[in-house]
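Engineer:
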Amino acid sequence: NGPDLNTPYTMGTASTPFTFEIWARPSGTTNSGILLDETGNVAQNGWHDAWIEFAGGNIRISVWSNGSGFSLGAYTANNWYQIVMTYTGTTLTGYVNGVQQYTGSVTRTGNGGTIYYTLAGPSDITNLGNGSYYSGSIGAMRYYNRALTAAEVLQNFRNLSYRYGL
């Protein structure tokens with residue numbers, strides 16, 4: 010579990026901008042599970058919501074509460090991916106390997122209180138896929154308390170891609 014991001018960054022408010030960047034190598038071919046999970050309890054027995062998941066052969070993103078989420082395209086097992094989701098307070102954008110794959114206006118519901126983010130954790134509430142633990146490798150994870158620009162996402166991809174053979 011990551012630290013409580015609501016206290017210092019008020020992540021529980023619906024309009025708080027953010028960026029999550031994760032380098033991941035899923036091992037499953039169809040459902041490699043949840044890569045990033047928002048939860049209200051560090052012990053994983055409170056509410057949960059999948060934000061980034063490998064499900065149904067696709068990389069999917071979402072924020073609470075946007076139904077089935079949004080596809081960033083298909084993935085191949087055992088390949089490295091830079092997955093980035095940015096939120097401006099009204100617009101959610103998803104990138105794979107520095108390339109924008111989705112952008113759209115979304116309404117995020119802020120849960121308030123203490124909010125944790127779990128890498129490779131389960132989810133008992135998910136509209137993205139099966140809610141299972143992540144199966145694969147994680148190379149790096151970054152959190153920003155602002156929405157990165159497309160140019161910054163691409164720059165981050167170029168700066169680390171050599172580490173992952175891309």
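Numbering of the sequence shown is given in this note's numbering, commencing with residue 10 and proceeding in unit increments. The beta carbon of each residue, even a glycine, is placed where N, CA and C say it ideally should be. Values in this document were obtained by computation on a predicted structure and should not be read as measured data.
Please report the straight-line C-alpha distance between Glu47 and Ser71, rounded to a whole angstrom.
Structural biologist: Taking the straight line joining both Cα atoms gives about 10 Å.
Engineer: Could you spell out where the alpha helix (DSSP H) holding Ala160 opens and where it closes?
Structural biologist: Note, Ala160: alpha helix (DSSP H), 159–169.
Engineer: Between the Cα of Pro35 and those of Tyr173, Gly145, Leu175, Ser170, spot the shortest distance and give me the residue it belongs to.
Structural biologist: Looking at the Cα atoms, Gly145 is the closest of the given residues.
Engineer: Using CA coordinates, which residue listed in His57, Ile68, Tyr90, Thr99 is at the minimum distance from Gly42?
Structural biologist: Taking only the C-alpha atoms, the option nearest Gly42 is Ile68.
Engineer: Could you tell me the boundaries of the beta strand (DSSP E) in which Trp60 lies?
Structural biologist: 57–64 is the span of the beta strand (DSSP E), which, as asked, contains Trp60.
Engineer: Straight-line CA distance for Gly148 to Thr97?
Structural biologist: Looking at the two C-alpha atoms, the distance is approximately 26 Å.
Engineer: Could you give the distance in angstroms between the alpha-carbon of Glu161 and the alpha-carbon of Gly103?
Structural biologist: Taking the straight line from one Cα to the other gives about 13 Å.
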